[in-house]
Amino acid sequence: MILRCIECGKEYPIDEARYRCECGNLLEVVHPLETLKKKLSRKLFDERLARRDFPYNSGVWRYKELILDIDEKFIISRPEGNTNFYTSGKVAEYVGLKDILLKHEGENPTASFKDRGMTCGISAAKMLGFKRVACASTGNTSASMASYAAMAGMESIVFIPEGKIAFGKLAQALAYGAKTLQIKGDFDDAMQLVQEVCQELGIYLLNSVNPFRIEGQKAIGFEVLQQLGWQVPHWIALPGGNLGNNTALSKGFKELYELGIIEKVPRIAVVQAHGANPLYRMWKNKTSFTSVKAQTIATAIKIGNPISWKKSIRGIEWTRGVVEEVTDQEIMDAKAIVDASGIGAEPASCASIAGVRKLVRAGIINKDEKVVAILTGNLLKDPDATVNYHLGKLKGIKSNYANKPIQIEPNLEAVKKCLK
Ligand code: F0G
Numbered sequence: 220m221i222l223r224c225i226e227c228g229k230e231y232p233i234d235e236a237r238y239r240c241e242c243g244n245l246l247e248v249v250h251p252l253e254t255l256k257k258k259l260s261r262k263l264f265d266e267r268l269a270r271r272d273f274p275y276n277s278g279v280w281r282y283k284e285l286i287l288d289i290d291e292k293f294i295i296s297r298p299e300g301n302t303n304f305y306t307s308g309k310v311a312e313y314v315g316l317k318d319i320l321l322k323h324e325g326e327n328p329t330a331s332f333k334d335r336g337m338t339c340g341i342s343a344a345k346m347l348g349f350k351r352v353a354c355a356s357t358g359n360t361s362a363s364m365a366s367y368a369a370m371a372g373m374e375s376i377v378f379i380p381e382g383k384i385a386f387g388k389l390a391q392a393l394a395y396g397a398k399t400l401q402i403k404g405d406f407d408d409a410m411q412l413v414q415e416v417c418q419e420l421g422i423y424l425l426n427s428v429n430p431f432r433i434e435g436q437k438a439i440g441f442e443v444l445q446q447l448g449w450q451v452p453h454w455i456a457l458p459g460g461n462l463g464n465n466t467a468l469s470k471g472f473k474e475l476y477e478l479g480i481i482e483k484v485p486r487i488a489v490v491q492a493h494g495a496n497p498l499y500r501m502w503k504n505k506t507s508f509t510s511v512k513a514q515t516i517a518t519a520i521k522i523g524n525p526i527s528w529k530k531s532i533r534g535i536e537w538t539r540g541v542v543e544e545v546t547d548q549e550i551m552d553a554k555a556i557v558d559a560s561g562i563g564a565e566p567a568s569c570a571s572i573a574g575v576r577k578l579v580r581a582g583i584i585n586k587d588e589k590v591v592a593i594l595t596g597n598l599l600k601d602p603d604a605t606v607n608y609h610l611g612k613l614k615g616i617k618s619n620y621a622n623k624p625i626q627i628e629p630n631l632e633a634v635k636k637c638l639k
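Residue numbers (our numbering): 220 to 639.
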């Protein structure tokens with residue numbers, strides 16, 4: 220394993236705490252795929268599925284050689300992954316497909332997909348001897364980092380945009396003991412600041428600019444394929460914010476393909492909120508990257524200057540992927556459908572469902588293609604957005620599928636009247 224610059228190709232040893240090349244571009248982990256070809260197989264991963272022992276009981280460390288092949292004494296695992304697939308006639312009908320599989324990453328230990336990257340990031344921090352870790356976050360990364368840092372006995376410092384992160388996430392960061400700095404600015408300001416702080420104060424940075432975070436998140440894709448008996452779906456749809464997750468999935472699929480474990484790669488559909496759509500603009504208009512001032516109800520993906528855009532666009536090319544955008548109205552309506560199907564997810568997660576619907580309508584996703592949509596976070600992460608939707612209190616958003624609470628007198632007659 221080595222670290223390599225995605226632009227100039229300069230290499231660095233894995234035990235150097237580094238996120239960027241001297242040329243300023245991001246680094247990525249390169250695995251010795253030629254050597255691994257002899258060792259890794261579907262069969263090996265399938266055998267590990269039955270294991271209950273650390274670290275192979277984790278849906279990340281099961282694929283250890285392709286993630287972060289380090290001494291087990293450094294690994295901090297809760298364990299993460301092993302999340303379920305759901306099908307729902309209601310959701311399938313809504314998006315216009317015969318079938319759609321929803322992979323619920325909200326079933327991770329801190330209730331979002333971030334745990335998959337974080338177990339790697341924190342384990343790397345331990346390997347490198349760090350005692351303090353930090354991140355900027357729209358909420359889920361901070362919740363995850365705070366938990367894993369506490370388990371590793373490290374101090375954690377989170378930078379969050381003031382007043383703009385969902386309550387469930389803020390609650391987690393505080394409860395797990397992170398020093399929580401609410402900065403007067405948005406996520407993009409926080410991201411800028413945390414990089415400066417980590418550089419100056421020698422704190423380990425655990426945003427997805429950290430190459431090990433990306434490695435852990437690849438396991439979402441690995442697990443999807445393994446759950447499908449290594450049958451490759453046509454599409455994987457997921458929301459895009461800082462663009463680490465789609466970067467991770469495409470990198471992982473490319474590696475599996477190069478190892479000969481899969482014969483083709485699924486196409487990736489990245490879905491951004493209309494008000495936070497710099498990747499969509501770049502992809503759609505074939506222009507160079509320009510940041511935007513982000514605005515969306517899906518606070519998790521309210522990011523205008525995503526750190527991983529270069530890696531992301533490269534991955535979209537590798538997988539013949541597409542980028543779509545959806546409005547807040549589309550996100551909240553899709554969420555209402557996902558929630559009412561009994562599955563439930565936070566707003567950003569449902570951008571993937573709204574995006575699939577749009578792509579099916581546009582004829583880009585074929586009606587009988589196999590689609591897996593990633594639900595990135597749990598319904599309870601953002602109770603405000605959910606309750607206010609059902610109460611009809613979201614500014615500028617129609618509550619098309621509202622399920623309002625009904626106030627009644629405390630007697631049988633009143634109940635009967637309601638249930639008629
Ligand atoms: N969905 C949820 C629920 C998220 O929390 C995030 C990102 C994304 C999707 C987008 O993933 O950034 O890899 O493109 N949340 C980060 C955070 C930014 O700080 O928790 P991405």
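Backbone N, C-alpha and C define an ideal beta-carbon position, used for all residues, glycine too.
{"Query": "Neighbour-count burial assignment, P602, 16 or more Cβ in a 10 Å radius", "Result": "exposed"}
{"Query": "C-alpha gap between K639 and A555, whole angstroms", "Result": "24 Å"}
{"Query": "Simplified DSSP state of C224, which is helix, strand or coil", "Result": "strand"}
{"Query": "Those runs of the beta strand (DSSP E) which lie wholly inside the stretch 243 to 276 and span at least 3 residues", "Result": "246 to 249"}
{"Query": "Residue environment, K521, which counts as buried when at least 16 other CB atoms sit within 10 Å", "Result": "buried"}
{"Query": "L252 to E477 span [Cα, whole Å]", "Result": "8 Å"}
{"Query": "Own chain partners of S510 with C-beta closer than 6 Å, once the 5 adjacent residues on each side are dropped", "Result": "P497, G523 and N524"}
{"Query": "Own chain, CB closer than 6 Å to F271, minus 5 neighbours either side, in chain order", "Result": "According to the sequence shown, residue 271 is Arg rather than Phe. For R271, where only same-chain residues beyond five positions count, there are no Cβ hits under 6 Å."}
{"Query": "Uninterrupted alpha helix (DSSP H) stretches inside the stretch 346 to 399 (no shorter than 4 residues)", "Result": "359 to 371 and 386 to 394"}
{"Query": "Spatial neighbours of Y275 in its chain, beta-carbon cut-off 7 Å, leaving aside the 5 residues before and after", "Result": "R267 and R281"}
{"Query": "Residue environment, S260, which counts as buried when at least 16 other CB atoms sit within 10 Å", "Result": "exposed"}
{"Query": "N- and C-terminal bounds of the beta strand (DSSP E) containing P624", "Result": "It is not in any beta strand (DSSP E) - P624 carries neither H nor E in the DSSP assignment."}
{"Query": "Beta-carbon separation (whole angstroms), F273 vs A343, contact threshold 8 Å", "Result": "That pair is no contact at about 18 Å."}
{"Query": "Proximity of G435 and V279 at Cβ, strictly below 7 Å", "Result": "yes"}
{"Query": "Whether K333 touches N303 by CB criterion (7 Å)", "Result": "no"}
{"Query": "Within the stretch 521 to 552, ranges of the beta strand (DSSP E) (whole runs, at least 3 residues)", "Result": "541 to 545"}
{"Query": "Rounded distance between the beta-carbons of G534 and S469, thought under 8 Å", "Result": "3 Å"}
{"Query": "K612, DSSP secondary structure in three states", "Result": "coil"}
{"Query": "Contact check, T466 vs I487, beta carbons under 7 Å", "Result": "no"}
{"Query": "Same chain, Cβ closer than 6 Å to R539, five either side skipped, listed in chain order", "Result": "R486"}
{"Query": "Under 7 Å between C-beta atoms of C242 and L287", "Result": "no"}
{"Query": "Segments assigned alpha helix (DSSP H), at least 4 residues, entirely inside the stretch 403 to 475", "Result": "406 to 420 and 430 to 446"}
{"Query": "Under 7 Å between C-beta atoms of S366 and V352", "Result": "no"}
{"Query": "3 or more residues per run - each beta strand (DSSP E) lying fully within the stretch 473 to 515", "Result": "486 to 492"}
{"Query": "G459 beta carbon near the ligand F0G (any heavy atom closer than 6 Å)", "Result": "yes"}
{"Query": "Cβ pair L594, A564 closer than 7 Å", "Result": "yes"}
{"Query": "Host alpha helix (DSSP H) of P566 (start-end)", "Result": "P566 to R580"}
{"Query": "Limits of the beta strand (DSSP E) - the one that V310 falls within", "Result": "Unbroken run through V310 is the alpha helix (DSSP H), G308 to V314; no beta strand (DSSP E)."}
{"Query": "Residues near W642 in its chain [Cβ-Cβ closer than 6 Å; skip 5 each side]", "Result": "Nothing can be reported for residue 642: it is not among the residues displayed for the chain, which extend from 220 to 639."}
{"Query": "Buried versus exposed call for C417 [16 or more other C-beta atoms within 10 Å across all chains shown]", "Result": "buried"}
{"Query": "Residue nearest to W528 in terms of C-alpha spacing, selected from F508, Y313, D547 and T546", "Result": "F508"}
{"Query": "Check whether I379 and Q411 have beta carbons under 7 Å apart", "Result": "no"}
{"Query": "Coil, strand or helix - G336 by DSSP", "Result": "helix"}
{"Query": "Three-way DSSP call (helix, strand, coil) for S342 in this model", "Result": "helix"}
{"Query": "Reduced DSSP category for K322 - H, G, I as helix; E, B as strand; rest coil", "Result": "strand"}
{"Query": "Reference G471; option with closest CA among L444, V489 and H493", "Result": "L444"}
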